[in-house]
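Shown next, in structure tokens, is the structure this report addresses.
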Amino acid sequence: GQYLVYLQQDLEQTNASFLTAHALYYLEAMFFSASALSANDKEPQTAFEYLFALAGLLMSIGVNAVIIGSATTVLSNLDSTAVAHKKKVDAIQEYLRFRRVPNRIQKKILSYYEYCWLTGQSSHAEHLFHELPDKLRLELSTTLHRKLIEQVPLFKALSPAGVMILVHRLKPIIVLPYEVIIREGDGSDDGMYFINRGSVRCYTKDGHGNEHYIISLHEGNFFGEVALLEPGARRTANIRARSFCELRTLRLKDFQVVLHLFPDFKATVEKIADARKQITLGIKRRSHVGMLFGLRANPMFKESTSWTYSSPTKEEHIFGARLYGMGAEGSLQGPTVAQRLARAARRAA
Numbered sequence: 001g002q003y004l005v006y007l008q009q010d011l012e013q014t015n016a017s018f019l020t021a022h023a024l025y026y027l028e029a030m031f032f033s034a035s036a037l038s039a040n041d042k043e044p045q046t047a048f049e050y051l052f053a054l055a056g057l058l059m060s061i062g063v064n065a066v067i068i069g070s071a072t073t074v075l076s077n078l079d080s081t082a083v084a085h086k087k088k089v090d091a092i093q094e095y096l097r098f099r100r101v102p103n104r105i106q107k108k109i110l111s112y113y114e115y116c117w118l119t120g121q122s123s124h125a126e127h128l129f130h131e132l133p134d135k136l137r138l139e140l141s142t143t144l145h146r147k148l149i150e151q152v153p154l155f156k157a158l159s160p161a162g163v164m165i166l167v168h169r170l171k172p173i174i175v176l177p178y179e180v181i182i183r184e185g186d187g188s189d190d191g192m193y194f195i196n197r198g199s200v201r202c203y204t205k206d207g208h209g210n211e212h213y214i215i216s217l218h219e220g221n222f223f224g225e226v227a228l229l230e231p232g233a234r235r236t237a238n239i240r241a242r243s244f245c246e247l248r249t250l251r252l253k254d255f256q257v258v259l260h261l262f263p264d265f266k267a268t269v270e271k272i273a274d275a276r277k278q279i280t281l282g283i284k285r286r287s288h289v290g291m292l293f294g295l296r297a298n299p300m301f302k303e304s305t306s307w308t309y310s311s312p313t314k315e316e317h318i319f320g321a322r323l324y325g326m327g328a329e330g331s332l333q334g335p336t337v338a339q340r341l342a343r344a345a346r347r348a349a
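Residue numbering for the sequence shown follows full-length UniProt numbering, beginning at 1 and increasing consecutively.
Here it is in structure tokens:
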């Protein structure tokens, strides 16, 4: 309103620059509005007016303080998790530097926490609901693992009750890129793994230390079951993460409990483990990659190697068809593993 009054006065003055007066009067109007908010819009004349203006000024200061304080609180609450994360990372960095930890290890540690932050992972998640009743906690665990349950074909061999028991025993772990999860020849106390996110590379090594690629596994696949079926057995292959991986691990003792409770599940796992073990042993015997379906690769193997076809053996057909029937799919360059396995199954028939 004050701005319109000034503008009307300007229109009546023909000897003044309209644009200059326009800007000046706009600033004066803003100043008048701000003064009114602080009860300082008019000079007091009497003692009563001074008291009234002083009361209004104090009240305006209080109101402004409340508004600004509330806004600050809201903003800080919205970003409280980010602030807490930053404080935690800063403390970790300071400790690592103080202890003179090598930069390579520092980067791995910090990248782990960064990944957990970006994906909403928390090391305290499993402790948040420890007070829940067992039945409700079991329901929550099944809900959280619903995507994994739908992705893993192996779970189809279990009843709904069996699935609930199994997923309740799964423990989450996060693996950094290029980290070796399973090492050939090691014991099997760490159990078997289900891939919830990410991908891994399965390979063996010959006597000269050369790597022989077997397969790549992705979300919904599992590995590590072979050594769990035989007491004291050793790992038959190496598993290395190709990216950040979110895994669910089933420890040996929990694995044995599930097998004891569900014999059908045990039979299914044994079939898969036998097929995979035979393929792995076959690759070791042949001492080159691509034994499956007669694929031949350059001895200096890399995952970018170009594949060529040659006649597969009957044994390769059988192993491939069995592996495909168990739902253990992976990815190789060129036609997909599923396509090669299906083709081998048709030829074997």
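The beta-carbon is built from N, C-alpha and C at its ideal position, and this holds for glycine as well.
For residue i and residue j, I'd like the C-alpha separation in whole angstroms.
| i | j | result |
| --- | --- | --- |
| HIS208 | THR280 | 17 Å |
| VAL175 | SER70 | 42 Å |
| ILE67 | GLU131 | 39 Å |
| VAL289 | THR236 | Reliability of the predicted coordinates at VAL289 is poor, the pLDDT of 42 falling under 50, and the value obtained from them is presented with this limitation in mind. Rounded to whole angstroms, VAL289 to THR236 spans 16 Å at the Cα level. |
| PHE98 | GLU225 | 42 Å |
| PRO263 | ALA161 | 14 Å |
| THR81 | TYR112 | 17 Å |
| PHE223 | LEU75 | 46 Å |
| LEU341 | TYR193 | Model confidence at LEU341 stands at a pLDDT of 44, short of 50, so the residue's coordinates are unreliable; what they give is reported in the following sentence. Each residue's alpha carbon lies about 23 Å from the other. |
| ILE165 | ASP190 | 19 Å |
| TYR178 | VAL63 | 58 Å |
| GLN110 | ASN103 | Correcting the residue identity first, residue 110 is Leu in this sequence and not Gln. Using only the alpha carbons, I get a separation of about 10 Å. |
| GLN229 | GLU114 | Strictly speaking, residue 229 in this sequence is Leu, with Gln absent from that position. About 37 Å. |
| LEU247 | ARG100 | 31 Å |
| GLU150 | LEU140 | 16 Å |
| GLY327 | THR119 | Legend: pLDDT at GLY327 = 38, less than 50; position of this residue unreliable, value from coordinates given subsequently. Approximately 28 Å, taken between the alpha carbons. |
| GLY187 | ARG234 | 5 Å |
| ALA65 | PHE52 | 20 Å |
Where does residue i sit, in a helix, a strand or coil, going by DSSP?
| i | result |
| --- | --- |
| PHE194 | strand |
| ARG97 | helix |
| HIS208 | coil |
| LEU250 | strand |
| PRO172 | strand |
| HIS228 | Going by the sequence as given, residue 228 is Leu instead of His. Looking at LEU228 - three-state DSSP - the assignment turns out to be helix. |
| PHE129 | coil |
| GLN45 | coil |
| GLN256 | helix |
| LYS234 | Contrary to the premise, residue 234 reads as Arg rather than Lys in this sequence. Correct three-state label for ARG234: coil. |
| HIS85 | helix |
| PHE262 | coil |
| GLY69 | helix |
| VAL152 | coil |
Would you mind sorting residue i into buried or exposed? The rule is 16 or more other CB atoms within 10 Å of its CB.
| i | result |
| --- | --- |
| GLY185 | exposed |
| THR204 | buried |
| LEU154 | buried |
| TYR95 | exposed |
| residue 352 | Lying before the first or after the last residue shown, residue 352 is absent from the chain, which here runs from 1 to 349. |
| LYS107 | exposed |
Kindly identify the DSSP beta-bridge partner or partners of residue i.
| i | result |
| --- | --- |
| ARG201 | SER216 and ARG240 |
| ILE182 | ILE239 |
| PHE223 | TYR193 |
| CYS245 | VAL175 |
Below 7 Å, is the gap between the Cβ of residue i and the nearest heavy atom of the ligand NAD?
| i | result |
| --- | --- |
| ARG197 | Among the components modelled here there is no ligand, and therefore nothing to report on the ligand NAD. |
When the cut-off is 8 Å and only beta carbons count, does residue i lie next to chain D?
| i | result |
| --- | --- |
| GLY191 | The structure shown contains no chain D; it holds only a single protein chain. |
### Message
Check whether the stretch 159 to 178 and the stretch 216 to 230 touch, using three or more Cβ-Cβ pairs below 8 Å as the test.
### Response
no
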